[in-house]
Amino acid sequence: MPVARVSPDVQIAYDTVGSPDDPAVLLVMGFGTQLIAWHDELCRLLVERGRYDGWLPTPHPPRCA
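Listed below in structure tokens is the structure:
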């Protein structure tokens, strides 16, 4: 799974589906949940309409939990 470093302390893992020419939609899952929690059927429907993207959070320090 690809990872983008967005700051020295934060990396975002992401997944893409569909054509890179289509506009992106960012699905943000609630705190502490990974992108694999999205239902495949929802993602399939978004892809059929040219929309899908996702992310995994960087582990948060205890003060954020």
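Heads up: take any position in the sequence shown, counting from 1, add 26, and you land on our numbering. Where a beta carbon is used, it is the ideal one built from N, C-alpha and C, also for glycine.
One alpha carbon belongs to residue 34, the other to residue 66, and they sit about 32 Å apart. The alpha carbon of residue 60 has as its nearest neighbour, out of 29, 39 and 31, the alpha carbon of 39. In this structure, the straight-line span from the alpha carbon of residue 50 to that of residue 58 is close to 23 Å.
Across the structure, residue 32 and residue 46 are spaced so that their CA atoms are roughly 20 Å apart.
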